[in-house]
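Visitor:
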Amino acid sequence: QVQLVESGGGLVQPGGSLRLSCAASGIIFSDYIMDWYRQAPGSQREFIAVITSEGGTMYADSAKGRFTISRDNAKNTVYLQMASLKPEDTAVYYCRATWQSRYYWGQGTQVTVSS
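The opening position of the sequence shown corresponds to residue 882 in this note's numbering, with each subsequent residue numbered one higher.
#1: Closest to Thr933 by CA distance: which of Tyr960, Asp942, Gln925, Gln920 is it?
#2: Looking at the secondary structure, which residues open and close the beta strand (DSSP E) in which Ser906 lies?
#3: Can you give me the Cβ contacts of Val931 inside the same chain, cut-off strictly under 6 Å, excluding the 5 residues immediately before and after it?
#4: Determine the extent of the beta strand (DSSP E) in which Ile950 is found, giving its start and end residues.
#5: Taking just the CA atoms, how far does Pro922 sit from Ala955?
#6: By alpha-carbon positions, which one of Leu899, Tyr918, Thr949 ends up nearest to Gly989?
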């Protein structure tokens with residue numbers, strides 16, 4: 882059974898930082914491309930960042946310079962380090978694992994940026 886479990890969300894003040902984690906099980910993690918997405922209330926789910934199995938990365942414009950995606954294949958975990966957070970970063974953050982035609986989503990973790 883495939884499971885992706887996000888953690889690390891919470892309430893943070895504007896300008897603050899958070900590190901999200903997504904722990905995977907039931908897959909050969911090192912083979913998978915790992916993404917982070919987010920969904921704010923009333924909005925569509927949007928792409929934030931991706932890391933390939935080889936460690937290549939790409940970011941949405943909204944994340945460039947503030948967010949860093951990384952992975953630890955030994956721990957089957959992908960991370961999203963977020964800095965300089967803004968109220969508009971408030972959303973549920975999801976990780977996704979993709980390999981060929983297969984993809985799996987986590988259940989999401991809430992990030993709220995507010996003073």
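Every residue gets a Cβ at the ideal spot worked out from N, C-alpha and C, and that includes glycine.
Guide: Let me lay it out:
#1: Tyr960
#2: 899 to 906
#3: Asp916, Met939
#4: 948 to 953
#5: 35 Å
#6: With distances taken between Cα atoms, Gly989 lies closest to Tyr918.
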